[in-house]
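Please read the structure below before turning to the comments.
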Amino acid sequence: MEESRIAAPIGIPLDRFIKSNQDRFPTATGEFSQLLRDIALSGKVVNREINKAGLMNLAGSIGTKNIAGDDQQKLDVLANIRFSRALEKGGEVCAIISEEEEHVIEVNKNSKYVVAIDPLDGSSNIDVNVSIGTIFSIYKRRSSVGAVITREDYLQPGNTQVLAGYLLYGSSTMLVITMGYGVFGFTYDPSLGEYFLSHTRMKIPVEGRIYSVNEGSYHSFPDYVKQFIEDCRNNNCSGRYIGSLVADFHRNLLKGGIYMYPSTAKNPNGKLRLMYECNALAFIIEQAGGAATDGEKRILDIAPTDIHQQVPFFVGSTSMVEKVADFKGRG
Ligand code: AHG
Ligand code: MN
Ligand code: MN
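In the numbering used here, the protein residues as written are 324 to 654.
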């Protein structure tokens, strides 16, 4: 379906947006809309908890580590509980992949959707009152409803996503989504408890002037990444790095730029996770006219082999992402 056929006037509430467009999506059913509502509602709850984290002693770590070896923060665990509980109780999901869970969570085998989620992204920024986020992907299972969940159901490449989105808990809270017909951004009004469409048909500038990368690891970047960074510096690009993927991504989506997490000595396959970080943002950026690769290959075409698989990640304005690949090709 054409992006222009989506009804998306600025100011429309999320619920109205879902309702008015529900019939227009070949993939959309009442269950699918309900699933999006469940995620949006959990986002409100998590937003509320983030906003009072300092007062409620919710900042800081709990002393355990997740599967990637990161310290789990109280809000990582809390956000994971909020989202997975809503998805379990909502009844529209058969399996959940979460950064905070070692194994796939099998939920309702009579449902047809699989969700991959990073419940709290940028958790090292919680304690210091800097923007953080949530990232999620929705897939349709491949096996029949009612059957046992298989690897083929949850290890799908990003190009089969039916919806991807993120919540950004920033100076305002936003929900940005794509269903494959353009990118739509909703801003949350806490006084009304509702998300309203504020950014319709979002497009990233083709030529960006911002590069976002943790330059502290510069010495262990591959040569092609160093050459690209040198090129950015020579062209007076601005360096901007928040350290919360969602926040860095969102800024670059609006202003034009590239976010990079290449392979490093510490993380030879990059740090970011294909299933619940890279795929969702890759789907969104392509829908916004940008690109996402692992340095050469399209992220959305990578066939996953593990739910926590890591991948080098280059995402943003097409001209910049292509230039990275050019440098790589020359090497
Ligand atoms: P998470 O908090 O979900 O583990 O993700 C952290 C990610 C991402 O948000 C951020 O861009 C990146 O890690 C920062 O890593 P460095 O501190 O290595 O730059
Ligand atoms: Mn993350
Ligand atoms: Mn996380």
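Think of the CB as a built atom: it goes at the ideal place given N, C-alpha and C, for glycine as much as any other residue.
Just so we're clear, the structure is a prediction, and the values are computed from it rather than from any experiment.
Inter-residue spacing [alpha-carbon to alpha-carbon] between residue i and residue j
i	j	result
alanine 418	cysteine 560	42 Å
histidine 542	alanine 588	9 Å
proline 332	arginine 347	16 Å
proline 513	leucine 364	12 Å
aspartate 361	leucine 498	13 Å
glycine 366	leucine 490	7 Å
glutamate 326	phenylalanine 507	11 Å
glutamate 609	glycine 505	9 Å
valine 468	glutamine 633	30 Å
alanine 615	arginine 621	6 Å
glycine 353	asparagine 482	23 Å
glycine 445	tyrosine 492	10 Å
leucine 515	glycine 566	30 Å
asparagine 374	histidine 573	20 Å
valine 569	alanine 470	35 Å
aspartate 393	lysine 432	31 Å
isoleucine 440	glutamate 423	9 Å
serine 434	aspartate 554	49 Å
proline 591	glycine 652	19 Å
proline 627	leucine 597	8 Å
glutamine 484	serine 466	15 Å
alanine 603	asparagine 575	15 Å
alanine 330	valine 438	26 Å
histidine 522	phenylalanine 509	7 Å
arginine 474	alanine 391	21 Å
arginine 408	leucine 358	12 Å
Sequence-distant residues of its chain with Cβ nearer than 8 Å to residue i (five each side left out)
i	result
serine 494	Ser454
proline 528	Lys578, Gly579, Ser640
valine 427	Ala418, Ile419, Ile420, Ile472, Tyr477, Ile630
glutamate 517	Pro336, Leu337, Asp338, Tyr511
cysteine 601	Gly481, Leu595, Ala615, Ile622, Val634, Phe636, Val638
Helix, strand or coil at residue i according to DSSP, with G and I counted as helix
i	result
histidine 542	helix
leucine 520	strand
glycine 366	helix
cysteine 560	coil
glycine 630	Just to set this straight, residue 630 is isoleucine in the shown sequence, not glycine. Reduced to three states, the DSSP call for isoleucine 630 is coil.
valine 644	helix
arginine 596	strand
lysine 412	helix
alanine 611	coil
tyrosine 477	helix
lysine 549	helix
valine 499	strand
threonine 387	strand
isoleucine 625	coil
glutamine 345	helix
aspartate 361	helix
serine 421	strand
valine 529	coil
lysine 651	helix
alanine 439	strand
valine 485	coil
valine 353	It is worth fixing the name first, because residue 353 is glycine in this sequence and not valine. Glycine 353: helix per DSSP, three-state reduction.
aspartate 617	coil
Beta-carbon separation (whole angstroms), residue i vs residue j, contact threshold 8 Å
i	j	result
valine 644	alanine 605	Not confirmed; about 10 Å, so no contact.
glycine 654	aspartate 546	6 Å
threonine 607	threonine 501	What sits at residue 607 in the sequence shown is isoleucine, not threonine. Correct: roughly 5 Å between the Cβ atoms.
aspartate 399	leucine 443	5 Å
isoleucine 458	tyrosine 599	6 Å
lysine 463	tyrosine 436	6 Å
phenylalanine 650	phenylalanine 544	Not quite, the Cβ-Cβ distance comes to about 11 Å (not below 8 Å), so this is no contact.
valine 416	valine 430	5 Å
leucine 401	glutamate 372	6 Å
threonine 496	asparagine 370	5 Å
glutamate 538	serine 642	The Cβ separation is near 21 Å, so there is no contact.
Spatial neighbours of residue i in its chain, beta-carbon cut-off 7 Å, leaving aside the 5 residues before and after
i	result
glycine 334	Phe519, Leu520
serine 356	Ile341, Gln345
valine 368	Arg405
arginine 532	Cys560, Ser561, Gly579, Gly580
alanine 376	Ala382, Leu398, Ile449
alanine 648	Thr616, Gly618, Glu619
arginine 328	Arg347
serine 447	Gly566
Beta-carbon proximity list for residue i, same chain, < 6 Å, skipping 5 on both sides
i	result
glutamine 584	Per the sequence shown, the amino acid found at residue 584 is tyrosine instead of glutamine. Only Gly593, Lys594, Leu595, Phe636 meet the Cβ criterion.
aspartate 338	none
glutamine 395	Ile385, Thr387, Asn389
glycine 486	Reading the sequence as shown, one finds leucine at residue 486 and not glycine. Same-chain partners within the cutoff: Ile461, Met502.
serine 535	Arg563, Tyr564, Asp571, Tyr582
valine 548	Pro585
glycine 612	Lys526, Ile527
arginine 524	Gly505
glutamate 425	Ile390
Practice problem: Could you name the residues whose beta carbon sits closer than 6 Å to any heavy atom belonging to ligand 2, keeping them in chain order? | Solution: Asp441, Asp444, Leu568, Glu600
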